[in-house]
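Peer 1: Numbering (the working numbering), first residue to last: 12 to 548.
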Amino acid sequence: MAPKPGEHTVRRVSVRGMAQLVARCVWDAEVLGSSPSTPTFYLKSYPLLKTFAILLFMTTKIIYRYLFLFSCTFSLALWLGACATLDEIGARPVATNTFAPPRTATFGGRVSVWMVSPTGAVNLANNSTPLAGGAVVGPVGTATAISQTLVAATQTAAAPPIVPNFQPSECPSPSGRIPEPPPDDFAAFPAAIGTFLSGGGSPRVLENELRALRAITEKGGVIQDDTDLTGDGVPEVIVNIFNPFIYNENAIINAGQLLVYGCDKGGYRLLYQTPSSPGLALPVLHRVGDMNGDVRAELVYDIQTCSSTSCTREGNILTWNPITGVFEPLNNAPIIAVNGRLGVVDIDNDGILELTASSNPSSDIAAGPRRSVVDIWDWTGKNYILAARQESGARYRIHVLHDADAALRQQAWQTALETYRTVRNDETLAEWTLPNEFAILKAFATYRLVTVYGRLGDGRMETAMNLLRNENPIGSPGEVYAAMGQAFVDNYRATGSVNAGCQAALGVAASRPEALTYLNSYGYANPSYTLTDLCPF
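This is the structure in structure tokens:
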């Protein structure tokens, strides 16, 4: 349309299409999400110069934003590329060394310190290896030796325990060493013996020297070096010797000590020793070998002590624990024999050896006569326990009577009858200190025969009653039992009831205290009777 005269010519430009395109590109370049509907910019009618200025401003702004976005995108691409490389198996860069903080003992952890300090070992200035010329391995009861032996004594609960190995196959080479002069004190013998063995000295030469000193005699003492007690394939040296400074061949007991040495790092270590005291007899070795079928050798011994009235032996069954590095007892309680002895025997023929401890306790007035007993210690698969206690044959007449009464309570009628007859007729049985003991116990045993025959309905009841009455007339020591027997028989005949006969007999006993006093005069070590025990039917 042509302009009118006098008017300026104005060019109007619509940039709608270009604005739409630029707006879409800019929005879609954002990383915040999907673009909305394409915005539409309307450029009003402006003079051409102003329109050009606006378009230049918008173009500059768009270029700036694109440069910024390009820079961010490039950096993001580099970062993502680096991450992708680290996550790719087989393409990760070589890791650098990172040092973890040192491990220390914490609450709930375990601190292990080896406390075994063998008495027979010489302290070589905290050196755990033998010196030239042969010396026993130094004790491990010091910080230096512990660190050398166990490597580390402090550890956390997560770390596995360190297993001490005191028994490697490292024995000293035989050297033909001659023993030095013996010590002046028996307490120094363990160290001197260890030094000699660690120097390559022969156990046979050592035995000859100890015999010359009377530390080994015909009454005891031994050196044994043919049994592996620790399972390392090397036999230990067992030394069992008297104290030669106080040895007296006529004494009841002679003191001594049991020592066990084992190889360790080219020397000998004292692995075990019994206490040494003038009141402790030389240990008696019962077995050095397998006891329980575990293919390991056990060490079985006992030590005797004596008082003015009795002697007691205490036994031990020892096994080597390779974890703790010490000998440990397999018996769960002391094995005691009073005035008796210990023995090793397979009683039940099961291939497992039992340990027996026979006791003959001394008798006194307060305890009364005592019976001999045999305790049997048997293997459970874990340890040795007291499995049975057997009483030996009775020597005293009162004990035979107790055996007969025990059979009566079990209703073992024939055994009871035979044992009561033994009480009556065996004149070899020993008596205690009570006056008229034989006559009283014989009368009571005959009374028992009367009641048992009555309980069985046996006609021999009458015969036994006649014997009881004739042997125990009025005024005799056993008169009370004859009176009780007569009351039993009379009421049994009248009623045919054993219970009625017993009630009548007990009525007599209740009025005659001596019926119980006689039987209860054998001390606290023997059973006591009550009134109803006198006729239990």
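Cβ atoms here follow ideal geometry from the backbone N, Cα and C, with glycine treated the same way.
1) Specify whether the region 209-218 and the region 192-199 touch according to this definition: at least 3 beta carbon pairs, one from each stretch, less than 8 angstroms apart.
2) Could you round the C-beta distance between P294 and G267 to whole angstroms and report it? I think they count as a contact, below 8 angstroms.
3) So does the region 494-505 actually touch the region 333-341, counting three or more Cβ pairs closer than 8 angstroms?
4) Roughly how many angstroms lie between the CA atoms of Y431 and I328, to the nearest whole one?
5) Use the C-beta contact count for A418: other C-beta atoms within 10 angstroms, 16 or more gives buried, fewer gives exposed.
6) Using CA atoms only, rank isn't needed, just tell me which of S321, Q422 and G468 is closest to S374.
7) Just reading off the beta strand (DSSP E) that E402 is part of, what are its end residues?
8) Given G351, which residues of its chain have a CB within under 6 angstroms of its CB, disregarding the five upstream and five downstream residues?
9) So, using beta-carbon positions, are L583 and D389 closer together than 8 angstroms?
10) How many angstroms separate the CA atom of A475 from the CA atom of H410?
11) Using only CA atoms, which one of E309, F207 and A378 lies nearest to G326?
12) Do three or more CB pairs link the region 393-403 to the region 440-447 at distances below 8 angstroms?
13) Please name the residue or residues paired with L527 in a DSSP beta bridge.
14) Pick out whichever of L460, N259, R480 and S383 has its Cα sitting closest to the Cα of N537.
15) Within a Cβ cutoff of 6 angstroms, which residues of the same chain sit near Y503, ignoring the five residues on either side of it in sequence?
16) Buried or exposed for S319, please, with buried defined as at least 16 other CB atoms from any protein chain shown within 10 angstroms of its CB.
17) Could you tell me how far apart the beta carbons of N343 and I396 are, in whole angstroms, since I believe they sit closer than 8 angstroms?
18) Drop a sphere of 10 angstroms on the beta-carbon of T543, count the other beta-carbons inside from all chains shown, and report buried for 16 or more, exposed for fewer.
19) In three-state DSSP terms, what is N332?
20) With DSSP as the reference, label S522 as helix, strand or coil.
21) From N251 to S184, what does the alpha carbon distance come to, in whole angstroms?
22) Would you verify that the beta carbon of A427 is, or is not, closer than 8 angstroms to some beta carbon of chain B?
23) Going by DSSP, what residues sit across from G392 in a beta bridge?
24) Smallest Cα separation from G507: which of D469, I363 and R225?
25) If I measure Cβ to Cβ from L291 and keep anything under 7 angstroms in the same chain, skipping five residues before and after, which residues do I get?
26) If you compare alpha carbons, which of V385, R298 and G534 is closest to I249?
27) Assuming A454 and L428 form a contact by the criterion Cβ under 8 angstroms, report the distance between their Cβ atoms to the nearest whole angstrom.
28) Cβ of F253 within 8 angstroms of Cβ of R225?
29) Quick one: what's F340 bridged to in DSSP?
30) Classify A520: buried if its beta carbon has 16 or more other beta carbons within 10 angstroms, exposed otherwise.
31) So, for K55: in the same chain, excluding its five sequence neighbours on each side, which residues have a beta-carbon less than 6 angstroms away from its beta-carbon?
Peer 2: In short, the structure shows the following:
1) Using a Cβ-Cβ distance cut-off of 8 angstroms, the region 209-218 and the region 192-199 are not in contact, since fewer than three pairs of beta carbons, one from each stretch, lie closer than that value.
2) Indeed, because the Cβ distance is near 7 angstroms, the residues count as touching under 8 angstroms.
3) Judged by Cβ distances under 8 angstroms, the region 494-505 makes no contact with the region 333-341, as fewer than three pairs qualify.
4) Straight-line Cα distance between these residues: approximately 42 angstroms.
5) Around the beta-carbon of A418, 16 or more other beta-carbon atoms lie within 10 Å, marking it buried.
6) The shortest C-alpha separation from S374 is found at S321.
7) Per DSSP, the unbroken beta strand (DSSP E) holding E402 starts and ends at Y395 to E402.
8) Excluding residues within five positions, the ones whose Cβ falls inside 6 angstroms are S369, S370 and N371.
9) Residue 583 cannot be examined here, being either before or after the span of the chain that is shown, 12 to 548.
10) Looking at the backbone, the Cα of A475 and that of H410 are separated by about 22 angstroms.
11) Selection E309, F207 and A378 evaluated against G326 yields E309 as nearest (Cα-Cα).
12) A contact between stretches requires three or more CB pairs, one per stretch, nearer than 8 angstroms, and the region 393-403 fails this requirement with the region 440-447.
13) Bridge partners of L527 according to DSSP: none are assigned.
14) Checked all of L460, N259, R480 and S383; the closest Cα to N537 is S383.
15) The residues are G465 and G512.
16) Around the Cβ of S319, a 10 Å sphere holds fewer than 16 other Cβ atoms; the residue is exposed.
17) Between I396 and N343 the Cβ distance is about 5 angstroms, and since that is below 8 angstroms, they are a contact.
18) Flag for T543 reads exposed.
19) It is a strand residue.
20) Judged by DSSP in its simplified three-state form, S522 adopts helix.
21) Distance between the alpha carbons of N251 and S184 is about 23 angstroms.
22) Of the chains in the structure shown, none is chain B; there is only one protein chain.
23) G392 is not bridged to any residue.
24) Proximity to G507 across D469, I363 and R225 peaks at D469, based on C-alpha coordinates.
25) Cβ within range, chain order: A266, I314 and T316.
26) If we check each option's Cα against that of I249, R298 comes out closest.
27) Not really, about 17 angstroms apart at Cβ, beyond 8 angstroms.
28) Closer than 8 angstroms, so yes.
29) For the sequence presented, residue 340 should be read as Pro rather than Phe. Note: P340 sits in a beta bridge opposite L329.
30) Result: buried.
31) Summary for K55: the model assigns pLDDT 43, below 50, so the residue's position carries little reliability; its value from the coordinates is reported in the next sentence. Short of 6 angstroms from the beta carbon of K55, and not among the five residues preceding or following it, lies no beta carbon of its own chain.
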